[in-house]
Amino acid sequence: MRPRLVRLGAALAVALAGGACGGDGKGGEAGAGGSGGGPPSGTVTVLAASSLTEAFTAIAAQFERAHPDVQVELSFAASSQLVSQIQQGAPGDVFASADTATMDQVVASDDVASPDVFARNRLEIAVEPGNPADIQGLADLAGDDLIVVLCAEQVPCGALADVALANAGVEIDVASREENVKAALSKVELGEADAAIVYETDVAASDSVEGVTIPRADNVVTRYPIARLAEAGNRSGADAFIAFVRARPGRQILAQFGFLGP
Amino acid sequence: MSATRRGTRRTPVIAIALGGIGLGLFVLTPLIGLLQRTPWRDLGGILGEPAVREALRLSAVSSLAATLLSLVLGLPLAWLLARTRFPGQAVVRAAVLLPMVLPPVVGGVALLLAFGRRGLLGQWLDRAFGITLPFTTTGVVLAETFVAMPFLVVTVEAALRGLDRRYEDAAATLGAKRSTVLRRVTLPLIGPSLGAGLALTWARALGEFGATITFAGSFEGRTQTMPLAVYLALETNPPAAIALSVVLLAVSISVLALVGVRVVRPPREPVARPVVA
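The listed protein sequences derive, respectively, from chains A and B.
Following the numbering used here, the numbering of the first sequence begins with 1 at its first residue and continues without gaps.
Following the numbering used here, the numbering of the second sequence begins with 1001 at its first residue and continues without gaps.
Dropping the structure here:
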């Protein structure tokens, strides 16, 4: 639990530092635009994939500095879980998912209109520091005495991991299929699992795991779409947040956390 | 005035109104919500799906094992708490009952830090015997026992305290050994309470979610019990989630009916038992 806290602190520190250099000008702009009418205000509720935890926490902090009248509420969970929440009518303004397949489900149910891809990510094997089990690639995960955890099948990271394993022609004995990518990662952080297949950004954001690269031929690149929800209560806030994520400040933070450009 | 007397006896309208809202809103509405969406016609087919069947089987096995473990360890614990005096007894009792009020997910974290591969006891188990408990069915049983055992302890301890000890004393003066007194007198006397405690323990074990998913993870047929399957199926297969929920609901109602004689009905005056202060 402690490393997670430290990491959150680090994410906030990055956000504050980023806000200190880039945010001043932005803040001034927002202040000037305030008299023009219709600037975003109120609370923006953002439902985002677990893998966006650190990056979106930092982006939200910087967004709030640029728009002092807006508060961002973040809710992180597996994209698949957020989809079912949205379809059950959970209130929210923005949805960012970890793959286009889950986003397509809410497009199909008319809960969002036109999503835009704002980042990409790749899978990586998370192992314990020092790689004590000497895992060099996907094939090594098939070892009998290894404890390997993946995300659940319906969660993007789980579906993608299955594709990568199939690409490599590897069948493994999975110990657990976790409900989201951070849960899978934490099992390695706690030393309970020898390896987990997570995103490159999750490995980068963690102080207590090491990454083992999955070769490009087997790896899967996932695209992260973002969209305003049809039932959004704060449309201008939602649009401002999405624009911020896709514009330079958002892209810079995403890149800092290891996301690939769209 | 006699009217005032009668007035105080009449059921207050406010109690009827608030009580009715409580019953309707928090008990009946969710139940009806679940039942009206239940795919009754396809229920058999859904419960026969391999993933659902696996969850049912795993839940049955693990919850019964947890109940048995709770009996073996909880019964002596209840006896020690009820019949002996030792320093720090109040603290021990509080500690035994703690899992009843502790958020189960916190229990799961505590279990990981105790029995996990890097845990207090777990690292030794791993090194000495190569035993790792997380991600195993044994881990599920452990998590379920952790949250459920207090229900057995608390029920049996209360029964032992309420027991008229003269029966045991009489048996002892007639030459019965301690084990005979326990087997032939004490256990039969607390039998109904023990049954109720077992039923409650089993129901709690069957419904366990937080500690299980935190400590044992989730894998079909190994650690994915019914509550976990309900949670995950809600995203992919809502009818299956609802069907499993109805099964758990039916089990809960059965358990209540089973212990109903003692728990649901208001306490009656003891009939044939002498009352001692």
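Ideal placement from N, C-alpha and C gives every residue a C-beta, glycine not left out.
Treat the numbers as computed from the prediction; the structure is a model and nothing was measured.
Residue i: first and last residue of the uninterrupted alpha helix (DSSP H) it sits in
i, result
"Pro1076(B)", "1050-1083"
"Arg251(A)", "248-256"
"Pro225(A)", "Premise fails: Pro225(A) lies in the beta strand (DSSP E), 221-228, not in any alpha helix (DSSP H)."
"Phe1209(B)", "No alpha helix (DSSP H) holds Phe1209(B); DSSP gives it neither H nor E."
Any C-beta of chain B under 9 angstroms from that of residue i
i, result
"Ala175(A)", "yes"
"Ser84(A)", "yes"
"Phe259(A)", "no"
"Val149(A)", "yes"
"Leu190(A)", "yes"
"Glu29(A)", "Below a pLDDT of 50, predicted positions are generally treated as unreliable, and Glu29(A), at 34, falls in that range; no measurement from the model is reported."
"Val245(A)", "no"
"Glu179(A)", "yes"
"Glu153(A)", "yes"
"Ala66(A)", "no"
"Ser208(A)", "no"
"Ser75(A)", "no"
"Ser35(A)", "At Ser35(A), the pLDDT of 32 sits below 50, so the modelled position is not reliable; the number obtained from the coordinates is stated separately. Not closer than 9 angstroms to any Cβ of chain B, the Cβ of Ser35(A) fails to qualify, so no."
"Ser109(A)", "no"
"Ser51(A)", "no"
"Ala78(A)", "yes"
Distance between beta carbons of residue j and residue i, contact taken as under 8 angstroms
i, j, result
"Ser51(A)", "Tyr199(A)", "5 angstroms"
"Leu123(A)", "Ala161(A)", "6 angstroms"
"Val1154(B)", "Ala1203(B)", "The pair is not a contact, with the Cβ atoms about 14 angstroms apart (cut-off 8 angstroms)."
"Ser206(A)", "Glu179(A)", "Not confirmed; about 18 angstroms, so no contact."
"Leu1248(B)", "Ala1233(B)", "No, Leu1248(B) and Ala1233(B) are not in contact; Cβ-Cβ is about 12 angstroms, not under 8 angstroms."
"Val1101(B)", "Thr1214(B)", "The pair is not a contact, with the Cβ atoms about 17 angstroms apart (cut-off 8 angstroms)."
"Glu73(A)", "Thr43(A)", "6 angstroms"
"Ala1066(B)", "Ala1205(B)", "4 angstroms"
"Ala195(A)", "Ala133(A)", "7 angstroms"
"Gly237(A)", "Val70(A)", "5 angstroms"
Candidates the options: closest to residue i by CA position
i, options, result
"Leu1160(B)", "Trp1079(B), Phe1215(B), Ala1250(B), Arg1118(B)", "Trp1079(B)"
"Pro262(A)", "Asn121(A), Asp104(A), Val112(A)", "Asn121(A)"
"Ser79(A)", "Val245(A), Pro156(A), Gln62(A), Val94(A)", "Pro156(A)"
"Arg216(A)", "Ala243(A), Ile172(A), Val163(A)", "Val163(A)"
"Tyr224(A)", "Ile125(A), Leu47(A), Ile172(A)", "Leu47(A)"
"Pro40(A)", "Arg246(A), Gln252(A), Ile242(A), Leu260(A)", "Ile242(A)"
"Leu1064(B)", "Val1259(B), Ala1170(B), Leu1174(B), Val1140(B)", "Val1140(B)"
"Lys187(A)", "Pro68(A), Glu128(A), Thr53(A), Ala227(A)", "Glu128(A)"
"Ala139(A)", "Val245(A), Gly130(A), Ile125(A)", "Ile125(A)"
"Ala1148(B)", "Leu1121(B), Val1230(B), Gly1122(B), Ser1070(B)", "Ser1070(B)"
Residues that residue i contacts on chain A, provided the C-beta gap is smaller than 7 angstroms
i, result
"Phe1135(B)", "Ile147, Ala175, Ser176"
Residue range of the unbroken beta strand (DSSP E) whose run includes residue i
i, result
"Glu210(A)", "210-213"
"Leu74(A)", "70-77"
"Asn121(A)", "116-127"
"Ala195(A)", "195-199"
"Ser176(A)", "174-178"
Proximal residues of chain A, C-beta to C-beta of residue i below 8 angstroms
i, result
"Leu1112(B)", "Leu190, Glu192"
"Gly1217(B)", "Val149, Ala175, Ser176, Arg177, Glu178, Lys187"
"Thr1225(B)", "Under the 8 angstroms cutoff, chain A gives no residues; its nearest Cβ is about 13 angstroms from Thr1225(B)."
"Leu1232(B)", "Ala152, Gln154, Glu179"
"Thr1212(B)", "None at all; the shortest Cβ gap to chain A is about 11 angstroms."
Contact set between residue i and chain A, taken where Cβ atoms lie within less than 9 angstroms
i, result
"Arg1118(B)", "Leu190, Gly191, Glu192"
Any C-beta of chain A under 9 angstroms from that of residue i
i, result
"Leu1058(B)", "no"
"Leu1249(B)", "no"
"Ala1128(B)", "no"
"Glu1220(B)", "yes"
"Thr1132(B)", "yes"
"Pro1050(B)", "no"
"Pro1103(B)", "no"
Under 7 angstroms by beta carbon: chain B residues contacting residue i
i, result
"Gln81(A)", "Glu1235"
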